[in-house]
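At position 59 of the sequence shown the residue is numbered 59 (UniProt numbering), and the sequence of numbers has no breaks.
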Amino acid sequence: MTYKLGLTGSIGMGKSTTARMFRDMGFPVWDADEAVHRLYASGGAAVAPIAAMFPTALDNGGIDRKALKLALANDPEAIERLEAVVHPLVAKDRENFLQKHSDSPLAVLDIPLLFEKGSEWQFDGVAVVSTDADTQRNRVLSRPGMTEKHFEMIHARQMPDAEKRARADWIIPTDTLESARAAVERICNEIVTDA
1 MTYKLGLTGS IGMGKSTTAR MFRDMGFPVW DADEAVHRLY ASGGAAVAPI AAMFPTALDN
61 GGIDRKALKL ALANDPEAIE RLEAVVHPLV AKDRENFLQK HSDSPLAVLD IPLLFEKGSE
121 WQFDGVAVVS TDADTQRNRV LSRPGMTEKH FEMIHARQMP DAEKRARADW IIPTDTLESA
181 RAAVERICNE IVTDA
């Protein structure tokens, strides 16, 4: 039976780098953001229903995320309608991934808003990536096009890091690549040895 590990953490905490470490150890990783990108791309399952609700978001056979964001800004209730379409499709994508990798002792599911959406119950365990606030801020503000205001807006929507850490089964410190890799190796060894 595959151990389903939820991987989460706030923006700039090093989740993508950590997810790659699990992949490098040979374990399959599902990425919620990548799933949404696939669903929004030309031919993706979310394109037709979203285009029906937000025609201005359709561009070259896919969903233009910037145009969609503008459409959502003009209609406060629209986000619920969008989520009603997208969430079941994302869940189906995740289920297909788990079926495909049912022979793996461990599958990692990279979900940015895992705690915020109350979905931790769907996993056998949860690992949280974490670093100090200054490192987080510096990482995020070094991203192309990121502003202090945009960072604060994203940060405000996310559960505080201390609360995520308190709710986690494992904490992966990402201050250095070495500390993160050591934590990932320890988690994999614990899960696979106990399986």
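The C-beta atom is built at its ideal place from N, Cα and C for all residues, glycine as well. Computed from a prediction, not measured in an experiment: that's the story for all the values here.
Residues of the same chain with a CB within less than 8 Å of the CB of residue 184, apart from the 5 flanking positions on each side, are 18, 21, 22, 25 and 172 in chain order. Contact check for residue 158 against residue 11 passes: the beta carbons are separated by less than 8 Å. Around the beta carbon of residue 136, 16 or more other beta carbons sit within 10 angstroms, so the residue counts as buried. If you draw a 10 Å sphere on the C-beta of residue 50, you find 16 or more other C-beta atoms in it, and that means buried. In this structure, residue 114 lies away from residue 14, with their beta-carbon atoms at least 8 Å apart.
Secondary structure remark: continuous beta strand (DSSP E) runs of at least 3 residues inside the region 25-107, in chain order: 29-31.
Check the Cα spacing between residue 133 and each of 141, 126 and 127: the tightest is with 141. Residue 41 is not a Cβ neighbour of residue 57, given a cutoff of 8 Å. Judged by DSSP secondary structure, residue 164 falls within the alpha helix (DSSP H) whose first and last residues are 161-167.
Counting only runs of 3 or more residues that sit fully inside the region 123-187, the beta strand (DSSP E) segments are 125-130 and 170-173, in chain order.
DSSP, reduced to helix, strand and coil, places residue 117 outside both helices and strands of the structure shown, so it counts as coil. In this chain, the beta strand (DSSP E) harbouring residue 6 covers 3-8.
By the Cβ test, the region 173-182 is in contact with the region 122-132, since at least three Cβ pairs between them sit closer than 8 Å. Contact check for residue 109 against residue 94 passes: the beta carbons are separated by less than 8 Å.
By the neighbour-count criterion, in which a residue is buried when 16 or more other Cβ atoms sit within 10 angstroms of its Cβ, residue 70 is exposed. Contact check for residue 156 against residue 2 fails: the beta carbons are separated by 8 Å or more. Excluding the 5 residues flanking it on each side, residue 154 has same chain C-beta neighbours closer than 6 Å at 11, in chain order. Here the alpha carbon of residue 146 sits roughly 10 Å from the alpha carbon of residue 152.
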